[in-house]
Amino acid sequence: MASQHTAGTLIVGAGLAGLSLALRLANDMPVTLLAKKELTEGASLYAQGGIAAVLAEDDSCAIHCQDTLNAGAGLCRPEVVKHVIAQGPRTIQWLEDQGVQFSLAHSGMTGRLHLTQEGGHSRRRVVHSQDATGRMVSTTLETQVRHHPQICVLEHHIAIDLITNERLEPNQSRRCLGFYALDKQTGNIISLSADVVVLATGGASKAYLYTSNPDTSTGDGIAMAWRAGCRVANMEFVQFHPTCVYHPEAKSFLISEAVRGEGGKLVLPDGSAFMQRHDPREELAPRDIVARAIDYEMKKGGYDSVFLDISHKPAQSIKSAFPTIYERCLGFGFDMTRQPIPVVPAAHYSCGGVVTDIRGRCDLPGLYVIGESACTGLHGANRLASNSLLECLVFAESAAVDILRQNPLKTTRPELSIPAWDASRVVDPDEQIVVSHNWNELRHFMWDYVGIVRTNKRLERAARRAQLLAAEIQDYYSSFNIHNDLIELRNLLVIADLTIQSARLRQESRGLHYTLDYPQTDSQHPPRDTILTPSNPIDSSWRTND
């Protein structure tokens, strides 16, 4: 059980937030970047639509801000929205400087880059690389990270718990020292320490049965920060992407919102459109409205799915604009140039997370949280499409500036010897079926009871099941050697509990949280965040199993 010290910054998560932060820091200090699988194998890689930025002549930061505030349903922090959106054009330029190639404007269009429009946006402002923006950006930054002499990459490692200083420095203020991590290839558990730790672990949509996210999206950073004593906010706001492909082999494959932006229509099995019955913006309404509309029509008609139809557009323009989606759909037997695509909503994005400030700082000194793991106030009750990658990039820069300003390499703090992981009281598990069954039960009850439409009774049922599973998994965790699935399930149960708690506290419908018991937005009181505070933070400076 080796211990490893890194005099610099430890970053957990290799999506866009983690990769861009590593590059912004590495010229000035050593960086260790921890990836759960291979580099880039996170949600950022699968982002299709693009990055929202004000580049068009008919657009402005004020208009983009207003669109963001409208989508956020009263819970955005205006100063954060203004800060992030103001950085948009400069952020796009930084990516181009790194070698990212965006789609160029067609002849006759103004501006150098091609801009598309997505739901909730009143202007064309989404910069993209065809329909695989996340892959282009992630792989470009990955190449630079791999070749940077000051960045150490640890792939196939999963963080377990943060290490704080309670027992090592009993008379000092609480701070983060590092974390324990499992080397998935060797089975060894190492302790990693550094002057600064950054959680950039993404969201938690694998808590749901149907999701657009990859298997890595298990809320690890949020759960770790919660156990270490950090506040968490607005976990009830889970964004469901309206259009994931409905096919038994189409795991996590979504159809970009840009397809609707370019004229795609949502239709029922008989070919009739229905969005006009739900919102005057029709297919370009914000995601929460579109997802609820699809959910309503499916339940009302008893349909397995609805359909997204763009076949009325010229075939060549469809293939040119959406080559990746076109080829993937062909693989499932759907030719989107000639027929509609069956789609269903799926859990897509966590608007809540660890409470942070505009620099990425949270409640635990020495710890930063950026990207989807953080609750910054940008998204409020509903994220505006394509603001997520922008948030990753802007907060990576803000955190980098703050970390470098503190210059942790010049601190005179004594280096503490972090104890090795203690596995003296555990044995190899006698059966794995407990983990797999609990995982399936969790994802089913979250989908059934804490999904697009909620009720008090459904949430009560979910709370009881979550408590039972959490006790069972904690007993399992305390008795047996740990492995990747157990770590992720333990984290997802924290996420489930936080989501249910938050949903039960919000006695109104707002943004992504819709409940039949309180179908109206509370207009009698000012909009409020749902902030949860841990009552008993875990001290992980020693490995304990009780």
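Be aware that the sequence shown starts at 494, since it is given in my numbering, and climbs by one per residue.
Beta carbons are placed, not taken as given, at the ideal position from N, Cα and C, and that holds for glycine.
Remember, it's a predicted structure, so these values are computed and weren't measured experimentally.
- When DSSP states are grouped into helix, strand and coil, Gly846 belongs to the strand group.
- Per DSSP, reduced to three states, the secondary structure at Leu909 is coil, with no helix or strand assignment.
- Classified as exposed, Arg898 has fewer than 16 neighbouring CB atoms from the shown chains inside 10 Å of its CB.
- When DSSP states are grouped into helix, strand and coil, Ser537 belongs to the helix group.
- Non-local beta-carbon contacts of Arg774 in its own chain, meaning distances under 6 angstroms to residues more than five positions away in sequence, are absent.
- Every unbroken stretch of the beta strand (DSSP E) spanning 3 or more residues and falling wholly within the segment 860-939 is given here in chain order: 860-862.
- With a beta-carbon spacing of about 7 angstroms, Arg618 and Leu548 fall inside the 8 angstroms limit used to define contacts.
- Rounded to whole angstroms, the separation of the alpha carbons of Gln994 and Arg958 is 13 angstroms.
- For Asp590, the enclosing alpha helix (DSSP H) begins and ends at 581-590.
- Rounded to whole angstroms, the separation of the alpha carbons of Ala964 and Ala955 is 14 angstroms.
- Looking at the DSSP output, Lys793 bridges to nothing.
- The beta carbon of Ile988 lies closer than 7 angstroms to those of Ala697, Ala700, Gly712, Ile715, Ala716 in the same chain, with the five residues before and after it left out.
- Selection Ile682, Asp688, Thr704, Thr869 evaluated against Asp915 yields Ile682 as nearest (Cα-Cα).
- Rounded to whole angstroms, the gap between the alpha carbons of Ile975 and Gln960 is 21 angstroms.
- When DSSP reads this structure, Pro835 sits in a beta bridge with Phe800.
- Approximately 5 angstroms separates the beta-carbon atoms of Cys868 and Gly845; this is inside 8 angstroms, confirming the contact.
- Gly764 sits in coil when the DSSP states are folded into three classes, being neither helix nor strand.
- Excluding residues up to 5 positions away in sequence, Tyr539, Ser698, His734, Cys737, Ser745, Phe746, Leu747, Ala839, Ala840, His841 lie with their Cβ nearer than 8 angstroms to the Cβ of Ser705 in the same chain.
- The C-alpha of Phe767 lies about 27 angstroms from the C-alpha of Gly543.
- Segment contact: the segment 520-531 against the segment 644-656, three or more CB-CB distances shorter than 8 angstroms; contact assigned.
- Buried is the label assigned to Asn880, since at least 16 other Cβ atoms lie within 10 Å of its Cβ.
- Boundaries of the alpha helix (DSSP H) around His640: 626-640.
- Counting C-beta atoms within 10 angstroms of its own C-beta, Gly824 has fewer than 16 neighbours from the protein chains shown and is therefore classed as exposed.
- With fewer than 16 other Cβ atoms inside 10 Å of its own Cβ, Ala555 counts as exposed.
- Cys723 is bridged by DSSP to nothing; it lacks a bridge partner.
- In this structure, the alpha-carbon of Ile585 lies about 23 angstroms from that of Ile504.
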